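Listed in order, the protein sequences are those of chains A and B.
Per the working numbering, residue 1 is the first one in the first sequence, and the count goes up by one each step.
Per the working numbering, residue 313 is the first one in the second sequence, and the count goes up by one each step.
Yeah, the Cβ is synthetic: ideal placement off N, Cα and C, and Gly gets one too.
Keep in mind it's a predicted model, so treat the numbers as computed, not measured.
Working notes for the structure below.
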Amino acid sequence: MKSTFALIIGVLVALGVLQSTYVIDQAEQAILVQFGEPVGELVNTPGLHWKLPFIQDVRRFDKRILSWDGDVTQIPTLGREFVVVDTTARWRIVDPLKFLRSVRDEAGAKTRLDDLLDSVSRDIISGTTLEEIIRSKDWAVDAKALGEEGVAIEQVDLTKPKKGRATLEKEMMAAAAKLVPELGIELVDVRLKRINYIDSVSRQVETRMISERQSIAERFRSEGQGKSSEILGQMERELRQIRSEAERKAAEIRGKADAEATKIYGETYGADPEFFAFLRTLDSYKAMGENTTLVLDADSEFFRYLDSTRAR
Amino acid sequence: MGTPADRLAELLQFGPRKNKGSGSGGGGSAYPPRGGGAKLPGGLIGFVIAALVALWLVTSSYYTVQPEERAVVKRFGEVVKTADPGLHFKLPFGIDTVEFVATERVLKQEFGFRTLSTDGERSEYASEDFPDESLMLSGDLNIIDVEWVVQYRISDPMKYLYGMRDPDRTLRDISESVMRRVVGNRLGSDVLTTARVEIGELAEREIQEAMKQYDNGIHIVTVQLQDVVPPRAVQPAFNEVNEARQERERMINEATKRLNQEIPKASGEANRLIAEAEGYASERVNQALGETAAFRSILSEYRSAPAVTRARMYIETIRNVLPNIGTVMVVKDGKTAPLPYFDLRKPRAATQEQPQ
Chain A
1 MKSTFALIIG VLVALGVLQS TYVIDQAEQA ILVQFGEPVG ELVNTPGLHW KLPFIQDVRR
61 FDKRILSWDG DVTQIPTLGR EFVVVDTTAR WRIVDPLKFL RSVRDEAGAK TRLDDLLDSV
121 SRDIISGTTL EEIIRSKDWA VDAKALGEEG VAIEQVDLTK PKKGRATLEK EMMAAAAKLV
181 PELGIELVDV RLKRINYIDS VSRQVETRMI SERQSIAERF RSEGQGKSSE ILGQMERELR
241 QIRSEAERKA AEIRGKADAE ATKIYGETYG ADPEFFAFLR TLDSYKAMGE NTTLVLDADS
301 EFFRYLDSTR AR
Chain B
313 MGTPADRLAE LLQFGPRKNK GSGSGGGGSA YPPRGGGAKL PGGLIGFVIA ALVALWLVTS
373 SYYTVQPEER AVVKRFGEVV KTADPGLHFK LPFGIDTVEF VATERVLKQE FGFRTLSTDG
433 ERSEYASEDF PDESLMLSGD LNIIDVEWVV QYRISDPMKY LYGMRDPDRT LRDISESVMR
493 RVVGNRLGSD VLTTARVEIG ELAEREIQEA MKQYDNGIHI VTVQLQDVVP PRAVQPAFNE
553 VNEARQERER MINEATKRLN QEIPKASGEA NRLIAEAEGY ASERVNQALG ETAAFRSILS
613 EYRSAPAVTR ARMYIETIRN VLPNIGTVMV VKDGKTAPLP YFDLRKPRAA TQEQPQ
């Protein structure tokens, strides 16, 4: 019986101690609430702390930087393209008392941030062209130095953005930061996480990209044909050059040789043209063969002596 | 709170919630059996309780830090120290809790794809895509599909645990934001080809800057672009461009090849033509020289006795020529029909086998 009594006392003491102490983690800060009313100072040193048992309640708040991720929303830009925008932000609870009073807890804060950041991003995005949102201030694409892609890209405006993405994010941040201090919140940053076309626009853009590519491909092909014809033309020219030159040279050489031969013949045969003609005629007789029919005059030199012997 | 009862009480409230360390194993089993002692012998109950408490004491008063880890030790929620690898002791019953942070390991986040396992020789990747992560707009307002990895290390476990809630998720968000900014500041064609490394470096710097701003103890090791491709529907068109480029090269190469075939051949032929002409030239000249030399010799002989030589040459020639001639006809002035003198064909036809 004694031990049972001791056990009950022990349990009661333990319950009392439990109720009058609390632990604050390194990542936390806390406010004590007594009958729904905050009491005392903000507790932001980690460790073991005392409180009144049973009547005081501990509300804990994270001290660390927290993140917020917005819903994905469709927003038209200034250029009327519908884009899907996903924003993300980081924030922290800087005034737990205000935080407790205005939004109660993180879920409450998230709802408020949802509304707030959503409207801010809507305002900014719908007042800006897509180029401004996508590009940044240090945009340095030179439309003239595009090389082989140049032809296709001419359709897109490549001017430098006036503000650029980072500036827009800062504007969003500034617009939202004005409204959050009353919630006991500080915004660390607001960023555009994702910006994409909505599906129907995506398909249009893809079609545009396809036709861009096809025109580039077409250009490559005709370039190939052009270059090929150029080379073949060049080849034809060279061939003709080479051949005609060779023919010319050959004709020159032959001509020179003929001239020289003629000169030689001329010089030599000129000494006795009559004898030359005689020799040549005899030579040409030697060419006569089986298929030749020779008609000789009976009075010719060959038969002269034949006749004369008969006459004797 | 020096008494064991106090510690027990603390533990009952906070121990199981906070203790993520290796020493938390005994927490659940150490619940004292409440008010059940009446029927059982008091001594035995006391012994069992004491034994359980002792077991709990032992299991919750040490922890081991692995080589790649650092441990952060908290006493009642307050960080009291960080511990290096090895075996360490701590206050038991969840008074001290330990959180382990893998500071030496290089961690990785993947965007647009997921590695399922790296066992074996080849890593396995999830078959589905994550288009939400990887599709983005390039500066020329085209769509591009970029996959990348961010490798990072936790350089400061304190800051990692207490600077920010869920720093890894923030790293993800920031990586996506930064990558889209960097890619959005380029032409799609550059992102696909030449600017990959530069984009990785730029993204690495910007992500690191953001992490520094949050002071969350994350150190970016590297950002690397993986597959960078046009959206699926456009890929065939991109391939077509590549094919067209190949075709252009092929056509140029073929033309060049023909040129290289034809020109040397033509040059060779040209040289042959010239060589032939040269051959003809020397032949012609030599022939002329030879013939004229012969003529000159004959001429000098002829001049010494022109009439005799002339007659001799004529008759010799006729004699040599006549046997070979098919038909010889002799005509006499005043006769109408040719007068056959002799016909070589008939005796030849008869004695064809043995001429003469």
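Would you kindly check if the distance between the Cβ of Q34(A) and the Cβ of D57(A) is under 9 Å?
Walking along the first sequence from the start, residue 57(A) turns up at place 57. Walking along the first sequence from the start, residue 34(A) turns up at place 34. Yes, the Cβ-Cβ distance between D57(A) and Q34(A) is below 9 Å.
Is DSSP giving W255(B) helix, strand or coil here?
The structure shown does not extend to residue 255(B), since chain B spans only 313 to 668, so no value can be given for it.
State the beta-bridge partners of K420(B) as determined by DSSP.
Residue numbering aside, residue 420(B) sits at position 108 when the second sequence is read from its first letter. K420(B) pairs with Q463(B).
Residues near Y22(A) by beta carbon distance below 7 Å, same chain, minus five either side:
Translated into the one-based positions of the first sequence, residue 22(A) becomes position 22. Closer than 7 Å at Cβ, skipping near neighbours: H49, K51 and V58.
Roughly how far, in whole angstroms, is the beta-carbon of I530(B) from the beta-carbon of L453(B), given that I think they are within contact range, below 8 Å?
Within the second sequence, residue 530(B) is the residue found at index 218, counting from 1. Within the second sequence, residue 453(B) is the residue found at index 141, counting from 1. At roughly 33 Å, the Cβ-Cβ gap does not stay under 8 Å, so I530(B) and L453(B) are not in contact.
Work out the CA separation of V541(B) and K193(A) for me, nearest whole Å.
As a working mapping, residue 193(A) is identified with position 193 in the first sequence. As a working mapping, residue 541(B) is identified with position 229 in the second sequence. The alpha-carbon atoms of K193(A) and V541(B) are separated by roughly 20 Å.
Start-to-end residues for the beta strand (DSSP E) that takes in S67(A):
What you label residue 67(A) is simply residue 67 of the first sequence in a count that begins at 1. L66 to D69 is the span of the beta strand (DSSP E), which, as asked, contains S67(A).
Checking 9 Å against the spacing of the C-beta atoms, do I231(A) and I519(B) come in under that value?
As a position in the first sequence, residue 231(A) is number 231, starting the count at 1. As a position in the second sequence, residue 519(B) is number 207, starting the count at 1. Cβ atoms of I231(A) and I519(B): not closer than 9 Å.
Tell me the DSSP bridge mates of A395(B)?
Against the second sequence, residue 395(B) aligns to sequence position 83. The partner list for A395(B) (beta bridge, DSSP) reads A383(B).
Is the CB of M523(B) under 9 Å away from at least one CB in chain A?
As a first step, residue 523(B) must be located in the second sequence, where it is residue number 211. Answer no: the Cβ-Cβ gap between M523(B) and chain A never drops below 9 Å.
G47(A) at chain B interface by Cβ criterion, 9 Å:
Stepping through the first sequence from its first residue, residue 47(A) is reached at position 47. Yes, because at least one Cβ of chain B sits closer than 9 Å to the Cβ of G47(A).
Just tell me which of P404(B), R508(B), A522(B) and D408(B) has its CA closest to the CA of V537(B).
Residue mapping note: residue 537(B) aligns to position 225 of the second sequence, counting from 1. What sits at residue 537(B) in the sequence shown is Leu, not Val. Residue R508(B) is the option with its Cα nearest to L537(B).
So is P273(B) buried or exposed if we call it buried at 16+ other beta carbons inside 10 Å?
Chain B is shown from 313 up to 668; residue 273(B) falls before or after that span and cannot be answered.
Hey, is Q421(B)'s beta-carbon within less than 9 Å of any beta-carbon in chain A?
As a first step, residue 421(B) must be located in the second sequence, where it is residue number 109. Not one chain A Cβ lies under 9 Å of Q421(B).
Using DSSP with H/G/I as helix, E/B as strand and the rest coil, what is E132(A)?
As a working mapping, residue 132(A) is identified with position 132 in the first sequence. Reduced to three states, the DSSP call for E132(A) is helix.
What does V188(A) reach in chain B if we use C-beta pairs closer than 8 Å?
For the purposes of this step, residue 188(A) is taken as residue 188 along the first sequence, with counting starting at 1. Within chain B, the residues near V188(A) are Q525 and Y526.
Comparing alpha-carbon positions, which option in S487(B), L499(B) and I630(B) lies nearest T159(A)?
Locating residue 159(A) in the first sequence gives position 159, where the first residue counts as 1. The shortest C-alpha separation from T159(A) is found at L499(B).
DSSP three-state call for T77(A): helix, strand or coil?
The count along the first sequence starts at 1 and reaches residue 77(A) at position 77. Coil.
Taking only beta-carbon atoms, is G289(A) less than 9 Å away from chain B?
If you number the first sequence from 1, residue 289(A) lands on position 289. Closer than 9 Å: yes.
Is the separation between the beta-carbon of L473(B) and that of V546(B) shorter than 9 Å?
Translated into the one-based positions of the second sequence, residue 473(B) becomes position 161. Translated into the one-based positions of the second sequence, residue 546(B) becomes position 234. In this structure, V546(B) does not lie closer than 9 Å to L473(B) by Cβ.
According to the Cβ coordinates, are E411(B) and K386(B) closer than 9 Å?
By 1-based counting over the second sequence, the position of residue 411(B) is 99. By 1-based counting over the second sequence, the position of residue 386(B) is 74. Taking 9 Å as the Cβ cut-off, E411(B) and K386(B) qualify as a contacting pair.
Residues of the region 204-218 of chain A with Cβ closer than 9 Å to any Cβ of chain B, in chain order
V205, E206, T207, R208, M209, I210, S211, E212, R213, Q214, I216, A217 and E218
Does the count of Cβ pairs from the region 627-643 of chain B and the region 288-298 of chain A closer than 8 Å reach three?
yes
Through-space distance from D118(A) to W68(A), alpha-carbon basis
Within the first sequence, residue 68(A) is the residue found at index 68, counting from 1. Within the first sequence, residue 118(A) is the residue found at index 118, counting from 1. Approximately 12 Å between the Cα atoms of the pair.
Are any of the Cβ atoms in chain B nearer than 9 Å to that of G224(A)?
For the purposes of this step, residue 224(A) is taken as the residue at position 224 of the first sequence. Yes, its Cβ sits closer than 9 Å to a Cβ of chain B.
Could you pull the DSSP bridge partners for F405(B) from this structure?
Numbered from 1 along the second sequence, position 93 holds the residue referred to as residue 405(B). Note: F405(B) sits in no beta bridge, so no partner.
For T206(A), count neighbouring C-beta atoms within 10 Å of its own C-beta (all shown protein chains included) and say buried if the count is 16 or more, exposed if not.
Against the first sequence, residue 206(A) aligns to sequence position 206. Reading off the sequence, residue 206(A) comes out as Glu, not Thr. Classification of E206(A): buried, given that the 10 Å Cβ count is 16 or more.
Interfacial residues, the region 499-525 of chain B to chain A, with Cβ spacing under 9 Å:
L499, G500, S501, D502, A522 and Q525
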